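Chains as they are written, first to last, in our numbering: chain B, 1 to 250; chain D, 1001 to 1222; chain W, 2001 to 2207. Ideal Cβ placement from N, Cα and C applies to all residues, glycine included. Every value quoted in this text rests on a predicted model; they were computed, and no experiment measured them. Down below is the structure, laid out as structure tokens.
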Amino acid sequence: MWAYLERLWHRLGSPRHFYDLAGWWLPWLAVSSLLLLGVGITWGLLFAPPDYQQGHSFRIIYIHVPAASLALTGYFAMAVAGVVVLVWRMKMAEVVLQSIAVPGAVMCALALFTGALWGKPTWGTYWFWDARITSMLILLFLYLGVMALGSAIASPVLAARATAVLAIVGAVNIPIIKYSVEWWNTLHQPATFKLTEKPAMAPEMYWPLLVCALGFYLFFAFVVVLRVRNAVLEREAGARWVRELAGEGR
Amino acid sequence: MSAFAALFRRDLALAWRARGDLVNPLGFFVIVVSLFPLGMSPDPALLARIGPGLVWVAALLAVLLSLENLFRSDRDDGALEQLLVSSAPLPLLALARVLAHVITVGVPLVLVSPLLALMLNIDGEPFGVLLSSLALGVPVLCMVGAIGAALTTGIARGGVLVALIVLPLYIPVLVFGAGAAYAAGLGLPFAGQLAILGALLALSVALAPFAIAGALRISGSQ
Amino acid sequence: MSANDLLLRAEGLTALRDERVLFRGLSVSVAAGEVLRVEGPNGAGKTTLLRILCGLDQDCEGRIAWPRAEAAGRPWREELLWLGHLPGLKSTLTAEENLAWLCALRGRAPRRPLREALAMVGLAGFEDLPAGALSAGQKRRVALARLHLEDAPLWVLDEPFTAIDRAGVEALEQLLAAHAQAGGAVVFTTHHAPAITSRSLLLGKAA
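Here is the structure:
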């Protein structure tokens, strides 16, 4: 078992083997995520009961919660990849780190957008400085910083290391930011409704949410793996196996 | 003389020889704050309420602007290379560099802020709390900002990039710093916020030098 | 040659710049007593190689070891003195003040008074002038004064002879030879061919 894991780790560390392995995963990820998303969203939007206070507008959580959760997970995943980049100097971690940034930022923007849509019927305004939404906005800023830094440095190795440092610093900061924003929110004006905060959610609302979340995570993994494969080809463009691959396709 | 002390003294001497430049962040600080009464309303009650936030935002921007050259001049004349090949621990050298910046830029900003607080009609308890929060918070801004400055040192036009990288990281400091003075104005307890700022200061002094050192090694490779 | 004489050993160095290979799988070792000249046309990667050896450029693959420092349990940077093509002087500080902070980075007292070292590189009387007021050649000499002050065994010098007059070049050549003779080692790049070179490394043969 251990030997198998170690072998897998080494294979994942080599761009070429990663490319082959990941090509194998892609169809599975695509099919399973589409299936789960289809089931979860249909269930959540059509069959789950309406909320007794918010009516049908609560159904946005089937998109909003998975997107928000992924945005946060994505940032921490970048920080973990960053540690691997800085400590073990692993090439694949460099690629993974940079491939997460854009999809993570998109999830963050999606969470903000759906939050605003939900805000209109609930608070009567698209934007409200709710603690969670504000935290999400700051997370989007953190993503923008990582993306801007990564694209400003020409050398892929150095760009990856610089973004690794920034992602780690950002990840250390996220709990502090979250705490500060919550305190700031209670100081100024506690919101009456909170998106996603339900003391006890009914199981018939909860199960479709879980299915949706799983579907979102698999879809995110699909996108990241796809981007990693492209980035590997770009970075290894001079290597023989890539040139052979290109010749094969012709 | 240890490497830390030598670099610290060097930076103080450099700042002293170019002391005219030290006035710039202060001028920026004062001008930005005085724009707000002009842009909104000179109503003393309004200014007293939003004043701490204005002073904090202006101080934050002044620190940010002052950071752009923190490592850039060292890079341009080759001094950064000599810091990087030094056998002294690089985080320690980074700490000396930022400490000198705190003394030459941060402390003057804190010393000017009472003047701005008076102009914004902040007095009584919020006045003292605002000053204490700045005294604790501005060094944190310098430490954290230096990470961004170090990361962008190798990039030709890194000015806007530093802001994009550093400003989100500044948010907790802003929230607790301005919030402490705001809470004092409402008669709410504020000691907790000042304690948190102190904790952030300790945390940033302990951890930021390592991030700065790592960032400098990356920037030095470009 | 015993392992103790080996100051630096680099293996499998590969550097790419803008998708162009500067060198691939390059191995370099420097032993005590050697004067190694890195040669090659412009853009062959001479400066890049020196910077990689000094740990200044991390955008490369390969392994660098410092056998003697490792055997003695010393940080390898203590063995190294690097002079790049930028002299590292702050223009508002005087020549002497610049030497003071540069030498202090090593954490050990300089081998002789700073003014004496400045006199040895022909800058007597210029000690108190800000570095910004010195000519390019004089700035280079201030940086070279560190060779008289610090006691690192391996000197890595990028184009040390630029902007220096003929007398200065001769003195520097003698200094490098004496350093190697005393058990030190030198790695340097230059466009003229000094007689002191004991070994050459040619980069960019294909170019």
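Does the beta carbon of residue i come closer than 9 Å to any beta carbon on chain W?
{"i": "B/R161", "result": "yes"}
{"i": "D/V1105", "result": "no"}
{"i": "B/S57", "result": "no"}
{"i": "B/G115", "result": "no"}
{"i": "D/L1012", "result": "no"}
{"i": "B/V165", "result": "no"}
{"i": "B/V157", "result": "yes"}
{"i": "D/E1081", "result": "yes"}
{"i": "B/G82", "result": "no"}
{"i": "D/S1113", "result": "no"}
{"i": "D/R1017", "result": "yes"}
{"i": "D/G1078", "result": "yes"}
Could you tell me whether any Cβ in chain D is nearer than 9 Å to the Cβ of residue i?
{"i": "W/H2191", "result": "no"}
{"i": "B/G215", "result": "no"}
{"i": "W/R2141", "result": "no"}
{"i": "B/L127", "result": "Here the sequence assigns Trp to residue 127 of chain B, which means Leu is not the residue at that position. Judged by the 9 Å Cβ criterion, B/W127 is not in contact with chain D."}
{"i": "B/I168", "result": "yes"}
{"i": "B/F141", "result": "yes"}
{"i": "B/S180", "result": "yes"}
{"i": "B/I133", "result": "no"}
{"i": "B/A79", "result": "no"}
{"i": "W/P2087", "result": "yes"}
{"i": "B/V106", "result": "no"}
Quick one: what's residue i bridged to in DSSP?
{"i": "W/F2188", "result": "W/R2037 and W/L2157"}
{"i": "W/S2029", "result": "W/R2009"}
{"i": "B/P66", "result": "B/P66 is not bridged to any residue."}
{"i": "W/F2023", "result": "W/A2015"}
{"i": "W/I2064", "result": "W/A2010"}
{"i": "W/L2080", "result": "W/L2154"}
{"i": "W/S2200", "result": "W/R2037"}
{"i": "B/D51", "result": "B/G55"}
Using only CA atoms, which one of the options lies nearest to residue i?
{"i": "D/A1088", "options": "W/R2063, W/G2107 and W/G2055", "result": "W/G2107"}
{"i": "D/G1185", "options": "D/L1047, D/V1105 and D/W1016", "result": "D/L1047"}
{"i": "B/F128", "options": "B/S151, B/G115 and B/I138", "result": "B/G115"}
{"i": "D/V1160", "options": "B/R132, B/T163 and B/L144", "result": "B/L144"}
{"i": "D/A1215", "options": "W/T2014, W/L2056, W/L2176 and W/A2171", "result": "W/L2056"}
{"i": "D/L1194", "options": "D/V1057, D/S1133, D/L1090 and D/D1077", "result": "D/S1133"}
{"i": "D/F1190", "options": "D/P1037, D/Y1170, D/G1220 and D/E1125", "result": "D/E1125"}
{"i": "D/G1187", "options": "D/S1066, D/F1028 and D/F1127", "result": "D/F1127"}
{"i": "W/S2091", "options": "W/Q2058, W/R2140, W/R2037 and W/G2025", "result": "W/R2140"}
{"i": "B/L86", "options": "B/A167, B/L70 and B/R11", "result": "B/A167"}
{"i": "D/G1158", "options": "D/N1069, D/R1009 and D/V1107", "result": "D/N1069"}
{"i": "B/I176", "options": "B/P208, B/L139 and B/R161", "result": "B/L139"}
{"i": "D/P1037", "options": "D/F1028, D/G1027 and D/I1050", "result": "D/I1050"}
{"i": "W/A2010", "options": "W/S2029, W/A2044 and W/L2016", "result": "W/S2029"}
{"i": "D/M1119", "options": "D/L1090, D/A1005, D/A1018 and D/V1033", "result": "D/V1033"}
{"i": "W/G2122", "options": "W/E2173, W/L2036, W/E2079 and W/A2167", "result": "W/A2167"}
Looking at chain B, is there any beta carbon in it that lies within less than 9 Å of the beta carbon of residue i?
{"i": "D/F1176", "result": "yes"}
{"i": "D/V1230", "result": "Since the first and last residues shown for chain D are 1001 and 1222, residue 1230 of chain D lies out of range."}
{"i": "W/E2034", "result": "no"}
{"i": "D/L1167", "result": "yes"}
{"i": "D/P1044", "result": "no"}
{"i": "D/I1155", "result": "yes"}
{"i": "W/Q2058", "result": "yes"}
{"i": "W/V2021", "result": "yes"}
{"i": "W/D2151", "result": "no"}
{"i": "D/G1159", "result": "no"}
{"i": "W/L2007", "result": "no"}
Problem set entry | Three CB pairs or more closer than 8 Å across the segment 1160-1177 of chain D and the segment 2012-2022 of chain W | The answer is no - the segment 2012-2022 of chain W does not touch the segment 1160-1177 of chain D, with fewer than three Cβ pairs under 8 Å.
Exercise. Where in the segment 2091-2153 of chain W do unbroken runs of the alpha helix (DSSP H), each at least 4 residues long, occur, reported from the N-terminal end onward?
Worked result: Taking only runs of at least 4 residues, the alpha helix (DSSP H) segments lying wholly in the segment 2091-2153 of chain W are 2095-2104, 2114-2120 and 2136-2144.
Exercise. Whole alpha helix (DSSP H) runs in the segment 1020-1051 of chain D with 4 or more residues, listed along the chain?
Worked result: Qualifying alpha helix (DSSP H) stretches: none in this window.
Problem set entry | Sequence ranges, alpha helix (DSSP H) only - wholly within the segment 146-222 of chain B, length at least 4 | Those alpha helix (DSSP H) runs which fall completely within the segment 146-222 of chain B and span 4+ residues are 156-188.
Problem set entry | the segment 2066-2075 of chain W touching the segment 2108-2118 of chain W, judged by at least three CB pairs closer than 8 Å | By the criterion of at least three beta-carbon pairs nearer than 8 Å, the segment 2066-2075 of chain W is not in contact with the segment 2108-2118 of chain W.
Problem set entry | contact_flag[the segment 221-233 of chain B, the segment 97-108 of chain B] where n(CB pairs < 8 Å) is 3 or more | Touching, per the Cβ criterion.
For this session: Starting from the N-terminal side, write out each stretch of the alpha helix (DSSP H) that is 4 residues or longer and does not extend beyond the segment 1075-1135 of chain D.
Result: With a minimum length of 4 residues, the unbroken runs of alpha helix (DSSP H) contained wholly in the segment 1075-1135 of chain D fall at 1079-1085, 1090-1101 and 1107-1119.
Exercise. So, do the segment 2088-2101 of chain W and the segment 2127-2138 of chain W have three or more beta carbon pairs nearer to each other than 8 Å?
Worked result: Yes: the two stretches touch, three or more of their Cβ pairs being nearer than 8 Å.
Exercise. Three or more C-beta pairs closer than 8 Å, one from the segment 18-33 of chain B and one from the segment 206-220 of chain B: is that the case here?
Worked result: Using a C-beta cut-off of 8 Å, the segment 18-33 of chain B makes contact with the segment 206-220 of chain B, since at least three inter-stretch Cβ pairs fall below that distance.
Problem set entry | Near-chain A residues of the segment 2090-2110 of chain W (beta-carbon distance less than 8 Å), N- to C-terminal order | Considering every chain present, this structure includes no chain A. Its protein chains are B, D and W.
Exercise. Can we say the segment 72-80 of chain B touches the segment 48-64 of chain B, given the rule of at least three CB pairs closer than 8 Å?
Worked result: No, the segment 72-80 of chain B is not in contact with the segment 48-64 of chain B.
For this session: Determine contact between the segment 2113-2127 of chain W and the segment 1022-1031 of chain D, defined as no fewer than three beta-carbon pairs at a distance below 8 Å.
Result: With the cut-off at 8 Å, the segment 2113-2127 of chain W and the segment 1022-1031 of chain D do not touch.
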